[in-house]
Amino acid sequence: MIKNIIYGSSLIVTSIIVFSITAGFPAFRIRGQELPGPKFFPNILSMVILAAGIYVIVLAIVKEIIRRRKAEPPQKTPLEDTVTKRGFLNILAVTVGTFLYIIMVDITGFNLTTVAFSSLLMMMLNVRWWRALIYSVILVVVIVLIFGTAFRIPLPEGSLFWTS
Amino acid sequence: MGFGIFVGGVPGLTATMAVALIIPITYYMEPIAGLAMVIGVSFTAIFAGDIPATFLRIPGTPASGAAILDGFELTKKGKGGLALTLDLMCSVIGGLIGIVLLILVAPPLANFALRFTNFEYFWLGLFGLSMCVIMSRGNLINGMISATLGLLISTVGIDITTGYPRFAFGNPELMGGIGFIPAMIGLFGLSEVLKRVQRGSKALGTPTINEKVKISIWKALPIIWKHKWTLVKSAFIGTFTGALPGAGADIAAWVAYGVAKRTSRNSDEFGTGSTEGVVAPTSANNAALGGTWIPALVFGVPGDTITAIVLGAMLMYGLRPGPLIFQESAELVTGIFTVAIVAQFLLILVGFLGIKVYSQLLKLKTSIVLTAVVIFSMIGSFAIRNSFFDVYIMLAFGIVGYLLEKIRVPLAPMILGVILGPMIEDNLRVGLMKTNGSMVPFFQRPISLTLFILIALTLFGPVLVKIIKRLARRRAVNGPESS
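Protein chains in written order, with my numbering: chain Y, 1 to 164; chain A, 165 to 647.
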């Protein structure tokens, strides 16, 4: 129930935020006639999301009341959905690591940053350090060949290595 | 075609990109040779996008999004090889049907497509979205919420009618809108990585796929025969949808999947590894490519972004796409049709090799493959617009996708909402401007009304059927008592 209440509340909050932002959008008038402007479609969608949020919360509460009346035990989270402590660290490694990677790649360049990030992530996921390093270097070479050479997509060089 | 397999199989590199990159190479070739390269690349890239979609749950191209729903589930059951064999054969057969329809019905179908105005395109977009209801197994409301959130995300950026920047907060990157490719890579790819690592690192020491991927056409053929009408129906849907300018293979695949699920006797199996769920979108997306050539050849109006680039190339070769091309360049048109048919047969060989190479790579440990997926997701998102902002988008959608799946909100409707949002909003607003704010004309035209009825049946049909069955059961129970 808690999950669904948080979910429903998030939808309601999203809707309120959208309404408050679109209140500042200008009206769209041509020759004095008001036509569907920039806030028209977002407002329709916000109303739908608001209604959905209320529905989700009400449904969660009603289901909980029925469950308690029938004296049924609460639903258990399936095993495949549980997050272990190590799993939580892995998730942090991927998300925070990606965020830091984006910041660092502009400083230290694509090649170095990608080898470092890739090796560290593999080591966190239980790959031996020397294997992680070898696979990371191979990965970077492949990416440079595909994206940098074949597709001529400029990969960041990094401000540390700028010569001019 | 090898180039197409390679590009399509790498998330972030799209079929459109592949075609755009091959065009300069064809500059010095004869027009038919150049067009042959383009046709070969586009068909193989669309198929190749299904390979990572099936093995890793990351669509290689937007048109492969629907292939995830059952293809990936089959991989989880150790039947990834079967899924991709079906995919390959259905892509070939669907592509052939699309080309045959192109040859036979191009002019009348193009005339029908020309009758589509703002009203019809609005309902078509909503029809595509209503398929999300069918795709949301057991949870209609969550599917609609997901689709609505996707539509809302599509409103970020410059409003096309008024030029006003919406939800941009002064950020020039946001003014360009939220790219749906980084969003898709994040929603499907990164969120899948997060799901896999959440249970700790011990389980990640095994190979990514445990099965020995066997491509057995003899095993696939009976399954294709069993679902032959789904295949043909989906190919027709794909061709027709592709013939609508601006629709393309992306929408075709989703619509075909939704229709197949809706009309199947085993609709409950869709989304759990149904072979029918693989047949439908994979035949539709390749058939759609044939459909996109219909308005391109007949009217010089591109059916999708790929044909938009091809039309530019045709002008470069000194050709004039349009009604007169059938008279002025009849040999070229015949050549295009012939090349397209030959490309379908060659796709079997090239596709077979592509699947084998990919499956060898996936024998690496899960931890290594997942790291590579993260890196390719980042680089793929970056490569679209050379912008790290898109990588942030990918990361944000990855986290959102992971959290949404925790509360059983399906992700496919959201990405469909992002893709179809501009089409739905623009056509709604332009339609309302034409009618001075009245919705009545949206229901008056025959095609509009038909689409509206289809949407209503899609959304409320299952509920109505349940009510009718309940009433019938009550009548059967009460009937003998009342007499």
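Just so it is clear, CB atoms sit at the ideal spot from N, CA and C, and this is done for glycine as well.
CB of residue i within 9 angstroms of CB of residue j, strictly
i        : j        : result
A:Leu559 : A:Gly350 : yes
A:Gly245 : A:Ile519 : yes
A:Val544 : A:Gly402 : Before going further, note that residue 544 of chain A is Gly rather than Val in the sequence given. No; because the gap between Cβ atoms is not below 9 angstroms, this pair is not in contact.
A:Gly229 : A:Ala417 : yes
A:Phe606 : A:Phe286 : yes
A:Met578 : A:Gly412 : no
A:Thr326 : Y:Phe28  : yes
Y:Asn43  : Y:Val18  : yes
Y:Leu155 : Y:Asn111 : yes
A:Met542 : Y:Thr98  : yes
A:Gly173 : A:Leu395 : no
A:Arg426 : A:Thr614 : no
Y:Ser15  : Y:Leu50  : yes
Y:Ala60  : A:Ile309 : no
A:Leu354 : A:Gly562 : yes
A:Val202 : A:Thr190 : yes
A:Gly204 : A:Met253 : no
A:Leu290 : A:Ile632 : no
A:Ile187 : A:Phe167 : no
Nearest neighbour of residue i, chosen from the options [CA to CA]
i        : options                                   : result
A:Thr319 : A:Gly341, A:Ser493 and A:Ile387           : A:Gly341
A:Gly595 : Y:Met122, Y:Gly53, Y:Pro36 and Y:Phe110   : Y:Pro36
Y:Leu125 : Y:Val105, Y:Leu89, Y:Asp106 and Y:Ser10   : Y:Leu89
A:Ala472 : A:Gly172, A:Ala179, A:Leu615 and A:Leu338 : A:Ala179
Y:Trp130 : Y:Val140, Y:Val18 and Y:Ser119            : Y:Ser119
A:Ala197 : A:Glu589, A:Leu248 and A:Met478           : A:Met478
A:Leu534 : Y:Leu145, Y:Leu155, Y:Met123 and Y:Glu157 : Y:Met123
Y:Ile138 : A:Ile458, A:Ile539 and A:Phe561           : A:Ile539
A:Leu496 : A:Ala200, A:Ile611 and A:Gly314           : A:Ala200
A:Gly305 : Y:Ile54, Y:Ile6, Y:Gly24 and Y:Val127     : In the sequence as displayed, the identity of residue 305 of chain A is Ile instead of Gly. Selected option, being the one with the closest Cα: Y:Ile54.
A:Arg360 : Y:Ala71, Y:Met47, Y:Gln33 and Y:Ile91     : Y:Ile91
Y:Gly24  : Y:Ile103, Y:Lys39 and Y:Asp106            : Y:Lys39
A:Gly343 : A:Ser206, A:Pro586 and A:Lys243           : A:Pro586
Y:Thr84  : A:Leu358, A:Val604 and A:Ile345           : A:Leu358
Y:Tyr200 : Y:Gly148, Y:Phe147, Y:Ala116 and Y:Ile57  : A query on residue 200 of chain Y cannot be resolved here, the shown segment of chain Y reaching from 1 to 164 and no further.
A:Leu238 : A:Lys529, A:Lys598 and A:Arg221           : A:Arg221
A:Tyr566 : A:Lys397, A:Gly499 and A:Ala347           : A:Ala347
A:Val256 : A:Phe552, A:Gly242, A:Arg572 and A:Ala451 : A:Ala451
A:Leu517 : A:Ala217, A:Glu440, A:Thr249 and A:Pro223 : A:Thr249
A:Leu316 : A:Val641, A:Ala536 and A:Leu584           : A:Leu584
A:Leu575 : A:Leu385, A:Ala504 and A:Leu293           : A:Leu293
A:Ala420 : A:Ala399, A:Thr436 and A:Val503           : A:Ala399
Y:Ile103 : Y:Gly158, Y:Arg86 and Y:Lys3              : Y:Gly158
Y:Ile5   : Y:Arg68, Y:Glu64, Y:Arg128 and Y:Arg152   : Y:Glu64
A:Gln608 : A:Phe283, A:Leu453 and A:Val537           : A:Phe283
A:Phe219 : A:Gly455, A:Leu528 and A:Val423           : A:Leu528
Neighbour flag for residue i against chain D, beta carbons, 9 angstroms
i        : result
A:Ile470 : Chain labels in this structure do not include chain D; the protein chains are Y and A.
Local Cβ density within 10 Å of residue i, reported as buried at 16 or more and exposed below that
i        : result
Y:Ser164 : With a pLDDT of only 44 at Y:Ser164, under 50, the local geometry of the prediction cannot be trusted, and the value read off the model is given with reservation. The residue in question, Y:Ser164, is exposed, as its Cβ has fewer than 16 Cβ neighbours within 10 Å.
A:Phe352 : buried
A:Ser646 : Model confidence at A:Ser646 stands at a pLDDT of 45, short of 50, so the residue's coordinates are unreliable and nothing is read from them.
A:Arg330 : buried
A:Asp214 : buried
A:Phe509 : exposed
Y:Ser9   : exposed
A:Gln524 : exposed
A:Val442 : buried
A:Gly601 : exposed
A:Ala247 : buried
A:Ser612 : buried
Y:Val48  : buried
A:Trp393 : exposed
*Any chance you could list the beta strand (DSSP E) runs of at least 3 consecutive residues sitting entirely within the stretch 540-616 of chain A, in chain order?*
none
*Members of the stretch 49-70 of chain Y that neighbour chain A once the beta carbon cut-off is set at 9 angstroms*: Ile49, Ala52, Gly53, Tyr55, Val56 and Leu59
_Near-chain Y residues of the stretch 546-563 of chain A - C-beta to any C-beta below 9 angstroms_ = Phe546, Ala547, Asn550, Phe552, Val555, Tyr556, Met558, Leu559, Gly562 and Ile563
*the stretch 314-340 of chain A: positions lying closer than 8 angstroms to chain Y by Cβ*: Leu315, Leu316, Thr319, Asp323, Thr325, Thr326, Tyr328, Arg330 and Phe331
*Residues of the stretch 522-543 of chain A with Cβ closer than 9 angstroms to any Cβ of chain Y, in chain order*: Closer than 9 angstroms at the C-beta level to chain Y, one finds these residues of the stretch 522-543 of chain A: Leu528, Lys529, Thr530, Ser531, Ile532, Leu534, Thr535, Ala536, Val538, Ile539, Phe540, Ser541, Met542 and Ile543.
*Scan the stretch 324-393 of chain A and note each continuous alpha helix (DSSP H) run of 4 residues or more that stays entirely inside, going in chain order.*
Annotation: the stretch 324-393 of chain A contains the following complete segments of the alpha helix (DSSP H) (minimum length 4 residues), in chain order: 336-339, 344-348, 355-361 and 381-390.
*Taking a Cβ distance cut-off of 8 angstroms, strictly less, list which residues of the stretch 216-238 of chain A are near chain Y, in chain order.*
none
_I'd like the ranges of any alpha helix (DSSP H) spanning at least 4 consecutive residues and lying wholly in the stretch 469-527 of chain A._
469-480, 489-492 and 494-525
_Residues, ordered as in the chain, of the stretch 103-120 of chain Y that lie near chain A by beta-carbon distance below 8 angstroms_ = For the stretch 103-120 of chain Y, which is checked against every Cβ of chain A, the residues closer than 8 angstroms are Val105, Asp106, Thr114, Phe117 and Ser118.
*Can you list, in chain order, the stretches of the alpha helix (DSSP H) that have 4 or more residues and sit fully within the stretch 184-254 of chain A?*
Correct list: 195-212, 214-220 and 229-240.
*Taking a Cβ distance cut-off of 8 angstroms, strictly less, list which residues of the stretch 139-153 of chain Y are near chain A, in chain order.*
Residues Leu139, Ile143, Ile146, Phe147, Phe151 and Ile153.
_Against chain A: residues of the stretch 28-40 of chain Y by CB proximity under 9 angstroms_ = Phe28, Ile30, Gln33, Glu34, Leu35, Pro36, Gly37, Pro38, Lys39 and Phe40
*Sequence ranges, alpha helix (DSSP H) only - wholly within the stretch 10-75 of chain Y, length at least 4*: 40-69
*Please list the residues of the stretch 83-99 of chain Y that have a C-beta atom closer than 7 angstroms to any C-beta atom in chain A, keeping them in chain order.*
Val83, Thr84, Arg86, Gly87, Asn90, Ile91, Val94, Thr95, Thr98 and Phe99
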